[in-house]
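Undergrad: Quick note: the sequence shown uses the numbering used here, first residue 1, plus one each step. The structure that follows is given in the form of C-alpha cells.
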Amino acid sequence: MKRILYLVFLLFSLFILTSCKEVVYTDIVTTMFPGYDFASHIVGDKMTVSQIIPPGAEVHEYEATSQDIVSIKESKLFIFTSQDIDTWIESPDTIGGTDTIVMDLSQNYTHVEFPYPTQFTEDEIQANTIHFWTDPANTVQLIQAILENIVLIDPDNETYYRQNAENYITEINNLSQQIFDFFTTDTYLGSTIYFAGHNAFGSFAARYGLRVVPLFQEFKPDADLTSNELITFTNEVKAAGTHYLFIEDLELPKAADTIKAQLLLENYDLTLLKLYAFENISKTDFEGNVTYLDLLGRNFSQLQIALVTI
1 MKRILYLVFL LFSLFILTSC KEVVYTDIVT TMFPGYDFAS HIVGDKMTVS
51 QIIPPGAEVH EYEATSQDIV SIKESKLFIF TSQDIDTWIE SPDTIGGTDT
101 IVMDLSQNYT HVEFPYPTQF TEDEIQANTI HFWTDPANTV QLIQAILENI
151 VLIDPDNETY YRQNAENYIT EINNLSQQIF DFFTTDTYLG STIYFAGHNA
201 FGSFAARYGL RVVPLFQEFK PDADLTSNEL ITFTNEVKAA GTHYLFIEDL
251 ELPKAADTIK AQLLLENYDL TLLKLYAFEN ISKTDFEGNV TYLDLLGRNF
301 SQLQIALVTI
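Here it is in C-alpha cells:
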C-alpha cells in the first residue's frame, strides 16, 4: 500500500513539475509580438524584454498563467495590446506591481486619415480598430509612446533609446513609403485581394489604397463558416480573375485548401500566399529574430507577386 501511495505521489509530482510554466523575470513584459518587437528595438542590450504569448500561439484565445502574472508584477514596464485582444486583463490598474508602468497600446495612437476615401462597414470599422498595429502610420506612434515610458524607467540611457527608436521609425517609414508609392500608381490603386482568413487587414490595405476581402468577417480567426459563405467566397475569387489567394501566416489553411481543390476541379489554378498580421510569429521566425519590419517587407513582396502578375 505504501509503495502504491509513493508511486501516486511521484507521478503527481512529475505532472506538476512538467506542467508548470517557468516564471520569466524581465524588465519589460509584453503580451504580443508588436510590443515585444518595438520595445526590443528601443532598449537594445540595456534592458531585457519578454513576450508572454508563446511564438506560434493564437493571440485571441490566450489565457495568462499564474507565472505570467508574476512576471508582469515583477516587471518595470508591462505592455499589452488592448482589452479587446488581451481579454484576460480585467483591470489594467491592478495587473502590474507597485512600481510597474502599465501601458495599453490601443490608447497610445491617434488615427491618421487615410490618403484615399474609404467606405467601411460597421464590422470593418470594428476590425480595423482592433487590428490598429497593421497600419504603419499607427506603428510609428506606438514606438514613440513606448520610448517615452522606457525613458521614464531608465533616464540615464535616454540618448541611446531615442536614437534606436528614431532609427527604427525611419526604417519603417521608408519601407511604408515604398509600398505607398508602388500601390498608389494608376496601375494598382484600388486593387483587390482575397484573404482566406479573419478580418484584420482593413487599415493596412486602406493606408495603401488597396482592398482586402476576407473570408471571415469576424475579427477572430476561429469564427464559424457556413458552406454557403465558402461557396460564395470561392465564386468571388474566380470571378475576380485572380490566381492568388492569401492565407493566415500561423493558421492551417483548411478553408483555402478546400477552395483551391474546388477550383482545381474547374481547371482554375490557385496559388496560396501568406499575409502577415503581425499578431505573433512562428517559433522559427522568433528564434531567427524576425522583426515587424521584416514582416512588412514580406507582405510587400507577396502583394507584388499577386498583383503584378494579374
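All C-beta atoms in this analysis are idealised placements derived from N, C-alpha and C, irrespective of residue type, glycine included.
Tell whether a beta-carbon distance below 8 Å holds between residue 283 and residue 160.
TA: no
Undergrad: Starting from residue 112, follow the alpha helix (DSSP H) in both directions and report where the run begins and ends.
TA: That residue, residue 112, is in no alpha helix (DSSP H); it is neither H nor E in DSSP.
Undergrad: For the beta strand (DSSP E) that residue 249 lies in, which residues bound it at each end?
TA: Element bounds for residue 249: n/a, residue is neither H nor E.
Undergrad: Per DSSP, which one or two residues make a beta bridge with residue 102?
TA: 78
Undergrad: Pick out whichever of 104, 99 and 84 has its Cα sitting closest to the Cα of residue 92.
TA: 104
Undergrad: Would residue 152 and residue 162 qualify as a contact pair, given that the criterion is a beta-carbon distance under 8 Å?
TA: no
Undergrad: What number of angstroms, rounded off, separates the C-alpha of residue 81 from the C-alpha of residue 89?
TA: 10 Å
Undergrad: Please say whether residue 242 and residue 262 have beta carbons closer to each other than 8 Å?
TA: no
Undergrad: Could you check the C-alpha separation between residue 109 and residue 141 for me, to the nearest Å?
TA: Rounded to whole angstroms, the gap between the alpha carbons of residue 109 and residue 141 is 6 Å.
Undergrad: Following the continuous alpha helix (DSSP H) through residue 292, name the residue where it begins and the one where it ends.
TA: 292 to 308
Undergrad: Look at the Cβ atom of residue 292, then the Cβ atom of residue 139, and state whether they are nearer than 8 Å.
TA: yes
Undergrad: Quick check on the burial criterion: 16 or more other C-beta atoms within 10 angstroms. Buried or exposed for residue 189?
TA: Looking at its Cβ environment, which holds fewer than 16 other Cβ atoms inside 10 Å, residue 189 is exposed.
Undergrad: Pop quiz: residue 254 and residue 270 are said to be a contact at Cβ under 8 Å. What is the actual Cβ separation, rounded to whole angstroms?
TA: The pair is not a contact, with the Cβ atoms about 15 Å apart (cut-off 8 Å).
Undergrad: DSSP three-state call for residue 188: helix, strand or coil?
TA: coil
Undergrad: Tell me the DSSP secondary structure of residue 155 in three-state form.
TA: Residue 155: helix per DSSP, three-state reduction.
Undergrad: Fully enclosed by the region 167 to 213, which alpha helix (DSSP H) runs are 4 residues long or longer?
TA: List check, alpha helix (DSSP H) in window: 202 to 207.
Undergrad: Identify, in the order they occur along the chain, each residue of the same chain with its Cβ nearer than 6 Å to the Cβ of residue 249, setting aside the five sequence neighbours on each side.
TA: 274 and 276
Undergrad: Have a look at residue 154 and residue 187 and give me their C-alpha separation to the nearest angstrom.
TA: When rounded, the separation of the alpha-carbon atoms in residue 154 and residue 187 is 48 Å.
Undergrad: Determine, using beta carbons only, whether residue 210 and residue 227 come nearer to each other than 8 Å.
TA: no
Undergrad: May I ask you to list the residues that DSSP assigns as paired with residue 272?
TA: 245
Undergrad: Mind checking whether the beta-carbon of residue 94 lies closer than 7 Å to any heavy atom of the ligand ATP?
TA: With respect to the ligand ATP, the structure shown offers nothing to examine, as it has no ligands at all.
Undergrad: Are three or more beta carbon pairs between the region 22 to 40 and the region 66 to 83 nearer than 8 Å?
TA: yes
Undergrad: Is the beta carbon of residue 202 closer than 8 Å to that of residue 216?
TA: Taking 8 Å as the Cβ cut-off, residue 216 and residue 202 do not qualify as a contacting pair.
Undergrad: Express the C-alpha separation of residue 265 and residue 246 in angstroms, rounding to a whole number.
TA: 20 Å
Undergrad: How is the beta strand (DSSP E) around residue 231 delimited, first residue to last?
TA: Note, residue 231: premise wrong, no beta strand (DSSP E); alpha helix (DSSP H) at 227 to 240.
Undergrad: What are the start and end residues of the beta strand (DSSP E) that includes residue 94?
TA: Premise fails: residue 94 lies in the alpha helix (DSSP H), 92 to 95, not in any beta strand (DSSP E).
Undergrad: Under DSSP, the beta strand (DSSP E) around residue 28 begins and ends at which residues?
TA: 28 to 30
Undergrad: Is it the case that the Cβ atoms of residue 134 and residue 278 are separated by a distance below 8 Å?
TA: yes
Undergrad: May I ask which residues mark the beginning and end of the alpha helix (DSSP H) holding residue 282?
TA: Segment: none, residue 282 is in no alpha helix (DSSP H) and carries neither H nor E.
Undergrad: Considering Cα atoms alone, identify which of 67, 39 and 54 is closest to residue 287.
TA: 54
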